[in-house]
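These notes concern the structure reproduced below.
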Amino acid sequence: MLVKNKDKFYKYLFIYKHLKFIKFETNIKDQELKIVINALNIKSRYKRIKYIVNEGCRFIDQYYSKCNLCHFKNNICIYYRISNKNYINGCCRKCRYQSNVGCTTKNVACKLFNCSYVDYNGVEKLKFEDVTLFKLLNHYQRYVLKNDYFSSVKTVTIDLYVGPMCLLIRLIIRVIEWVTI
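Numbering (the working numbering), first residue to last: -17 to 163.
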């Protein structure tokens, strides 16, 4: 199916995401549209979810690439410098995926979380709803993706893939692991 009108295509995206037997194509020179079409053309559910998470993280990183949101100096963010605390790595300081060079994984929830001291330097704050690619997920998956903090990209992908009952069991196991650490 050849996509000729981006707005019309997005209007019916909620239908197109369920059509597994159609291959989508476009001649429109729009990178975001091409990424959405690439995701729709992935017919494996797990691979599609993985692609959506990875490309969503890339989109968020690219969106904020021009501004130094947290104004880190010597690994201490602006909030902790103002508060005279020597906590390094800001909001991420207690995350197990934090390293000396930043985050070792990709996580949409973490990337979209910002404290009130963040300086967008004239860039409008990106909201979850602004990432068109995430509209390919169902409501349950969007909720999980928005709120699955401090998790690896693999864990997030599996959380999106399994149903609510399996996710509940996985979350209980994670809480038990965190409490016993």
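The C-beta atom is built at its ideal place from N, Cα and C for all residues, glycine as well.
Residue i, DSSP secondary structure in three states
{"i": "Thr8", "result": "strand"}
{"i": "Gly84", "result": "strand"}
{"i": "Leu(-5)", "result": "helix"}
{"i": "Lys25", "result": "coil"}
{"i": "Ile60", "result": "helix"}
{"i": "Lys(-14)", "result": "coil"}
CB of residue i within 8 Å of CB of residue j, strictly
{"i": "Val83", "j": "Cys52", "result": "no"}
{"i": "Ala91", "j": "Asp130", "result": "yes"}
{"i": "Asn89", "j": "Val135", "result": "yes"}
{"i": "Thr8", "j": "Ile19", "result": "yes"}
Status (buried if at least 16 other CB within 10 Å, exposed otherwise) for residue i
{"i": "Phe(-4)", "result": "exposed"}
{"i": "Leu118", "result": "buried"}
{"i": "Gly145", "result": "exposed"}
{"i": "Tyr33", "result": "buried"}
{"i": "Gln13", "result": "exposed"}
Distance between residue j and residue i (C-alpha atoms, nearest Å)
{"i": "Thr139", "j": "Ile31", "result": "6 Å"}
{"i": "Phe41", "j": "Thr137", "result": "20 Å"}
{"i": "Tyr125", "j": "Phe116", "result": "11 Å"}
{"i": "Leu22", "j": "Tyr(-2)", "result": "8 Å"}
{"i": "Leu(-16)", "j": "His121", "result": "27 Å"}
{"i": "Asn68", "j": "Lys76", "result": "13 Å"}
{"i": "Asn(-13)", "j": "Ile10", "result": "8 Å"}
{"i": "Arg27", "j": "Ile154", "result": "25 Å"}
{"i": "Val35", "j": "Thr87", "result": "11 Å"}
{"i": "Ile24", "j": "Glu159", "result": "34 Å"}
{"i": "Cys39", "j": "Asn66", "result": "31 Å"}
{"i": "Asn56", "j": "Lys5", "result": "49 Å"}
Proximity test, Cβ basis, 8 Å: residue i and chain B
{"i": "Lys(-12)", "result": "In the structure shown, chain B cannot be found, because there is only a single protein chain."}
Inset, instruction - For the stretch 97 to 146, list the beta strand (DSSP E) runs that are entirely contained and at least 3 residues long, ordered along the chain. - result: Fully enclosed beta strand (DSSP E) runs of 3 or longer: not present.
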